[in-house]
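Asks: Input: one structure, supplied below.
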Amino acid sequence: MGGATGDGFLIGATVMKGTECPTPPLRWLVDRPIWENQWPLPHDKLVALRELIQEQLDQGHLEPSTSPWNTPVFCIKKKSGKWRLLQDLRKIYAVMEGMGTLQAGMPSPTMLPADWPVLIVDLKDCFFTIPLHPDDRPKFAFTVAPEKVQQQPPWKYLGVKILERTNHHQEVQFVQSVKTLNDAQKLVGVITWLHPYFGLTTAQLSPLFELLKGDTDLKSPRELTPEARKVLEEVQQAVSACQVYRIEPSTDVTVFITTPDLHPTGIIGQWNDDWTDPLHVLEWVFLPHQPHKTATALFELIACLIIKCRQRCLQLMGADPSKIILPVQRKEFDWSYANSVLLQSALEGFSGEITYHLPSHKLLQVAKNTQFSLRPKSSQEPVQGPTVFTDGSGKTGKAIVTWQDGSEWQVLEGHEDGSAQLVELKAAVMAFEKFSQEPFNLITDSAYVADIAQQLSCSVLKEVSNPALFDLLKALWCAIQARVHPYYVLHIRSHTKLPGFVVGGVHPRGLKALELWQTDVTQVAEFGQLKHVDVTVDTFSSAMWASAHTGEKARDVIAHWGQAFAVLGIPSAVKTDNGPAYASQQVRQFLQSWGVSHNFGIPHSPTGQAIVERNHGTLKHVLQKQKRGMQGETPHSRLAKALYTINHLTVPQNSNNPVILNHHLSLQALDSEQQPRVKVRVRNLVTKQWEGPYDLIAMGRGYACVSTDTGTRWLPSKCVRPDLRPQRQNSADRQGGSRDQLESHQVDESSSDHSDDSSTDSD
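1 is the number of the first residue of the sequence shown in UniProt numbering; add one for each residue after it.
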């Protein structure tokens, strides 16, 4: 029977030999016997095996048997020189019913409360001392080897010396001679096992990790470099001097996040100002030597470290730490928390305290002295500074950087052998080195360069296998880290045949009233038989007309347009979809009789009729708002009131007049030739020359409409710029119209000084 001592230990009585031990029988899944042939063994192991079996027979642990069951046995040699008997019982365990979950072992010696007495018992021939039911054979006695009971500190447990308040690793002799990859793997494996007990970061151990690179053959040659030998000496000293503490149950566990050399490192420990050493380290936590991505943001690494520390605390003590201390300012953390999903996930469900000031301690001093920001230096909007364009060619290896300095374009040229990606990256490095002391905007057509230039602003760089690529990445990383001023990166898709955001020749709106209409039909279910409502909108003034009909046939469309002509006027063109009514011969003849051009949209593309589609929603919204006060009214009456509200009581943006007034004022406006217009020049995308000057008719965000000699043209706004030459020169260009004179002005705009002579010649 067992009881408890004053120290909290259980005392057990061993059943003496000859005493019956009540042991429950095992339960089996099958009745058929299991027979596994004995393995062949070397002579020395066979001799040792016979001696061990004879020893167990003499002690009564084994007895001769004629059982139909058989499993292999073998023996291994221990460090002490003695042999250990082992039995392969995997086949037996497979047909045995489970007996429940085993008691989990101690996760770490640091979780032993301080000043608690420790007793470690190592069982000799533990497997053979487990008593079994007589029917299950064989029967084992329980013995304890007295020389293996540790009752006084230091206690030794799995390579750790456990003292009353601290834990130390036992002496470890590292292999000084590394000849193969297998030797290097064993050395790094031992250091990795010891890593949680000493504070050398993964960056400091990097020379040892370098030994694992190269040929993957286990017998491939390896040799310790001078840097690796130096690190190995530091590890040896750290292991000899380092110690971790046993947990103090009355003090909260805290996670300290440090960033030595921008490599986040965690400390699971306890802090008490009353202790001689206020910081008791329970365990060090490190991230992998190399991050997964080429450029990983620093706050993402901190988030990964927080996740790892919380998981380790759950393994050690089954609870989250009470506090997490970060080496950043509060505003930096708040910005990172708002912009990082990973950081939000790392702190999900954490109910403890988060602080931002590391206490003063020698282990934390490096992190306190390291000033860094979690916010990237790249801007999300263009900055005040020069606009720099970069490009590169993989065929020629030329990297070009160009920017405009005043009225002249400057060019910086470099060379890089390799792929187009490397050359583009070389151009970006040249740009960052050139404009290191001022803000600037970088324009590149390489998506890779645009992404990596934004990611490297506040991140840790991973070493890649391509030496040339890594050298360029490192140069770009250093240039960005040394920057004080912000920068903006824009990617332009130059190497694609797909259209951009603005395509020349698209004219969704008219330039004046009655120039372009859009017509479509919608349905208002509450109108009953007159539910088919045809809607027409002027794309310039937004003036609308709608009429209710019993169907969607050609006669309904013609009746609708007849009413619209009477109210709004006769348009130059009407745009519709490809419906059968609009494509009918009756509608075509009707429009021809009125001199109206008919345009169709792209089949199955609703965006071509976006203006009238949006007005459908506007009309239905007004009808719904007016429904309560017009009970019993006919659909025609309801449409009339809704159209009055939309046309006469609605003031559009950028105007002080109602829609219908803008419509009629546009009709009364003077001819476009009599109105003074802004003069602009247009870039010819074929000849790459600037032509003009021409009259600017309209301009918006990303687009412009220009009146040229060949007619009205819609162009991207980047192809249009103001003509800043004197007015006399503009007049001479317009009057002359000579192509030779136009090209001479494009080549040398300085000829404006002699504008009088040029005007005389043209006349």
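Backbone N, C-alpha and C define an ideal beta-carbon position, used for all residues, glycine too.
With DSSP as the reference, label F350 as helix, strand or coil.
Replies: Here residue 350 refers to the residue found at position 350 when the sequence shown is read from its first residue. DSSP places F350 in coil when its eight states are reduced to three.
Asks: Just to confirm before moving on: does the CB-CB distance between P264 and L287 stay below 8 Å?
Replies: Here residue 264 refers to the residue found at position 264 when the sequence shown is read from its first residue. Here residue 287 refers to the residue found at position 287 when the sequence shown is read from its first residue. Yes.
Asks: Alpha carbon to alpha carbon, how far is Y644 from H621? Give it in angstroms, no decimals.
Replies: Mapped onto the sequence shown, residue 621 falls at position 621. Mapped onto the sequence shown, residue 644 falls at position 644. Near 14 Å, if we compare the C-alpha coordinates of Y644 and H621.
Asks: Mind checking A610: buried by the 16 CB within 10 Å criterion, or exposed?
Replies: Working through the sequence shown from its first residue, we reach residue 610 at position 610. With fewer than 16 Cβ atoms within 10 Å of its Cβ, A610 is classed as exposed.
Asks: Within this structure, are the beta carbons of T202 and H289 separated by less than 8 Å?
Replies: In the sequence shown, counting from the first residue as 1, residue 202 sits at position 202. In the sequence shown, counting from the first residue as 1, residue 289 sits at position 289. The answer is yes: Cβ separation under 8 Å.
Asks: Any idea what DSSP makes of S80, helix, strand or coil?
Replies: Sequence index remark: in the sequence shown, residue 80 carries index 80 (1-based). It is coil, neither helix nor strand.
Asks: Inspect the CB distances between the region 63 to 80 and the region 253 to 264 and report whether three or more fall short of 8 Å.
Replies: Contact fails: fewer than three Cβ-Cβ distances are below 8 Å.
Asks: Going by the beta-carbon positions, is the gap between K156 and Q170 smaller than 8 Å?
Replies: Position 156 of the sequence shown, counting from 1, holds the residue named residue 156. Position 170 of the sequence shown, counting from 1, holds the residue named residue 170. Cβ atoms of K156 and Q170: closer than 8 Å.
Asks: Do you know how far the Cα of F540 is from the Cα of L591?
Replies: Counting from one through the sequence shown, the residue named residue 591 turns up at place 591. Counting from one through the sequence shown, the residue named residue 540 turns up at place 540. Spanning the two alpha carbons is a distance of roughly 20 Å.
Asks: Measure the CB-CB distance between A566 and H663 and report whether it falls below 8 Å.
Replies: Along the sequence shown, one-based indexing puts residue 566 at 566. Along the sequence shown, one-based indexing puts residue 663 at 663. Their beta carbons are not under 8 Å apart, which means A566 does not touch H663 by this criterion.
Asks: Ordered along the chain, which non-local residues of its own chain (more than five positions away) have a Cβ less than 7 Å from that of V95?
Replies: Counting from one through the sequence shown, the residue named residue 95 turns up at place 95. Cβ neighbours of V95 beyond the five flanking positions: W28, L29, V30, I34.
Asks: Counting only runs of 3+ residues fully inside the region 300 to 344, write out the beta strand (DSSP E) ranges in chain order.
Replies: With a minimum length of 3 residues, the continuous beta strand (DSSP E) runs that stay inside the region 300 to 344 are 323 to 325.
Asks: Relative to the C-alpha of Q563, which candidate in R588, T536, E552 has its C-alpha closest?
Replies: Along the sequence shown, one-based indexing puts residue 563 at 563. Nearest C-alpha to Q563: T536.
Asks: Going along the chain, which residues of its own chain have a beta-carbon closer than 7 Å to the beta-carbon of Q329, five neighbours each way excluded?
Replies: To locate residue 329, count along the sequence shown from 1; it is residue 329. Within the same chain, Q329 has close Cβ partners Y356.
Asks: When burial is assigned at 16 or more other CB atoms within 10 Å of the CB, is M99 buried or exposed?
Replies: As a working mapping, residue 99 is identified with position 99 in the sequence shown. It counts as exposed.
Asks: Reducing DSSP to helix, strand and coil, say where I492 ends up.
Replies: Translated into the one-based positions of the sequence shown, residue 492 becomes position 492. Residue state, collapsed to three classes: coil.
Asks: How would you call D405, buried or exposed, if buried means at least 16 neighbouring beta carbons within 10 angstroms?
Replies: Walking along the sequence shown from the start, residue 405 turns up at place 405. When all chains shown are included, D405 counts as exposed.
Asks: Determine the extent of the alpha helix (DSSP H) in which S190 is found, giving its start and end residues.
Replies: Translated into the one-based positions of the sequence shown, residue 190 becomes position 190. As written in the sequence, residue 190 is Val, which differs from the Ser given in the question. Here the alpha helix (DSSP H) through V190 covers 181 to 194.
Asks: Are F299 and S340 closer than 8 Å when you measure CB to CB?
Replies: Mapped onto the sequence shown, residue 299 falls at position 299. Mapped onto the sequence shown, residue 340 falls at position 340. Yes, the pair counts as a contact, with Cβ atoms nearer than the cut-off.
Asks: Output the boundary residues of the alpha helix (DSSP H) element that contains Q609.
Replies: Position 609 of the sequence shown holds residue 609. Unbroken run through Q609: none, as it is neither H nor E.
Asks: By Cβ distance, which residues of its chain are closer than 6 Å to E691, with the 5 residues on each side in sequence left out?
Replies: Sequence index remark: in the sequence shown, residue 691 carries index 691 (1-based). So the qualifying residues of the chain are V682, N684.
Asks: Measuring alpha carbon to alpha carbon, tell me which residue in Q243, L205, Y245 is nearest E227.
Replies: For the purposes of this step, residue 227 is taken as the residue at position 227 of the sequence shown. Comparing Cα-Cα distances from E227 to each of Q243, L205, Y245, the minimum goes to L205.
Asks: Can you give me the start and stop residues for the beta strand (DSSP E) that E691 sits inside?
Replies: Taking the sequence shown and counting its residues from 1, one reaches residue 691 at position 691. Looking at the DSSP string, the run of the beta strand (DSSP E) that includes E691 is 690 to 700.
Asks: Given a cut-off of 8 Å, decide if S220 and L181 are closer than it, judged by their beta-carbon atoms.
Replies: Looking up residue 181 in the sequence shown gives position 181. Looking up residue 220 in the sequence shown gives position 220. Result yes, Cβ atoms of L181 and S220 sit closer than 8 Å.
Asks: In chain order, what residues of the same chain lie with their CB nearer than 6 Å to the CB of I558, ignoring the 5 residues before and after it?
Replies: The residue you call residue 558 lines up with position 558 of the sequence shown. Only F590 meet the Cβ criterion.
Asks: In terms of residue numbering, what span does the alpha helix (DSSP H) encompassing E248 cover?
Replies: As a working note, residue 248 is residue 248 in the sequence shown. Element bounds for E248: n/a, residue is neither H nor E.
Asks: Cα separation between G579 and A548?
Replies: What you label residue 579 is simply residue 579 of the sequence shown in a count that begins at 1. What you label residue 548 is simply residue 548 of the sequence shown in a count that begins at 1. Answer to the nearest angstrom: the Cα atoms are 18 Å apart.
Asks: If you draw a straight line from the C-alpha of A48 to the C-alpha of A114, how long is it?
Replies: Counting from 1 along the sequence shown, the entry for residue 48 is found at position 48. Counting from 1 along the sequence shown, the entry for residue 114 is found at position 114. Cα to Cα, A48 sits roughly 44 Å from A114.
Asks: Could you check the C-alpha separation between F140 and R32 for me, to the nearest Å?
Replies: As a first step, residue 140 is located in the sequence shown; it is residue number 140 there, counting from the start. As a first step, residue 32 is located in the sequence shown; it is residue number 32 there, counting from the start. Interpretation of F140 is limited by its pLDDT of 33, a score under 50 that renders its predicted location unreliable; the figure taken from the coordinates is listed afterwards. In a straight line, the C-alpha of F140 is about 24 Å away from that of R32.
Asks: Cβ atoms of L187 and F174: under 8 Å apart, would you say?
Replies: Stepping through the sequence shown from its first residue, residue 174 is reached at position 174. Stepping through the sequence shown from its first residue, residue 187 is reached at position 187. Closer than 8 Å, so yes.
Asks: Suppose you measure from the CA of I302 to the CA of H195; what does that come to, to the nearest Å?
Replies: Start at 1 with the first residue of the sequence shown, and residue 302 comes out as number 302. Start at 1 with the first residue of the sequence shown, and residue 195 comes out as number 195. For I302 and H195, the distance between alpha carbons rounds to 19 Å.
Asks: Which term fits G318, buried or exposed, when burial requires 16 or more other beta carbons within 10 angstroms of its beta carbon?
Replies: The residue you call residue 318 lines up with position 318 of the sequence shown. Per the 10 Å Cβ criterion, exposed.
Asks: How is the alpha helix (DSSP H) around Y197 delimited, first residue to last?
Replies: Here residue 197 refers to the residue found at position 197 of the sequence shown. Per DSSP, Y197 belongs to no alpha helix (DSSP H) and is neither H nor E.
Asks: Should the region 434 to 445 be called in touch with the region 459 to 470, which here means at least 3 C-beta pairs below 8 Å?
Replies: Verdict: no, contact absent.
Asks: Below 8 Å on the Cβ atoms is my contact criterion, and I expect L516 with K575 to pass it. Report the Cβ-Cβ distance as a whole number of Å.
Replies: The residue you call residue 516 lines up with position 516 of the sequence shown. The residue you call residue 575 lines up with position 575 of the sequence shown. Correct: roughly 6 Å between the Cβ atoms.
Asks: Any idea what DSSP makes of D451, helix, strand or coil?
Replies: Position 451 of the sequence shown, counted from the first residue, corresponds to residue 451. Looking at D451 - three-state DSSP - the assignment turns out to be helix.
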